[in-house]
Amino acid sequence: MPETPFDNVEGAHEYVGLLSEAVRQARDEVAQDLAQAQAEKAQRRLEALQIVAWKLERLEGQLVASRHLLNDLRRLRRLLVGEAPAGRSPRDDPDEPWGA
Numbered sequence: 000m001p002e003t004p005f006d007n008v009e010g011a012h013e014y015v016g017l018l019s020e021a022v023r024q025a026r027d028e029v030a031q032d033l034a035q036a037q038a039e040k041a042q043r044r045l046e047a048l049q050i051v052a053w054k055l056e057r058l059e060g061q062l063v064a065s066r067h068l069l070n071d072l073r074r075l076r077r078l079l080v081g082e083a084p085a086g087r088s089p090r091d092d093p094d095e096p097w098g099a
């Protein structure tokens, strides 16, 4: 069976991080389009882009929350199986919300 990004919590965490980065890039592009639409006084396009910007903002917030939840699951799994993060302490990971 082929491996997918969701075969383990670490893979899902990484995948959600990549999605979050793609959303940030899209938000930057939409911000540029918004500025252009304002300069051109294209009202309908401006309104549509404002909706797109709002939806992307909501999506980014949901991805951040998902990443935090996945991080919590990673931490709990590590605690349950007694393993430490590879090559570093939990305090070294900025995504880890809990100290050791």
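Per numbering that gives the first Met the number 0, the very first residue in the sequence shown carries number 0; after that it's consecutive. Virtual Cβ for every residue (Gly too), placed ideally from N, Cα, C. As the structure is a prediction and not an experimental result, all values here were calculated from the model.
* **Secondary structure of K40, DSSP reduced to three states** => Position 41 of the sequence shown, counted from the first residue, corresponds to residue 40. Here K40 sits in coil by DSSP.
* Helix, strand or coil at E9 [DSSP, three-state] -> What you label residue 9 is simply residue 10 of the sequence shown in a count that begins at 1. In this structure, E9 counts as helix in the three-state DSSP scheme.
* Asked: From Q31 to R23, what distance separates their C-alpha atoms?
  -> Residue mapping note: residue 31 aligns to position 32 of the sequence shown, counting from 1. Residue mapping note: residue 23 aligns to position 24 of the sequence shown, counting from 1. C-alpha separation (whole angstroms): 13 angstroms.
* On the three-state DSSP scale, how would you describe E56? -> The count along the sequence shown starts at 1 and reaches residue 56 at position 57. Three-state result, E56: helix.
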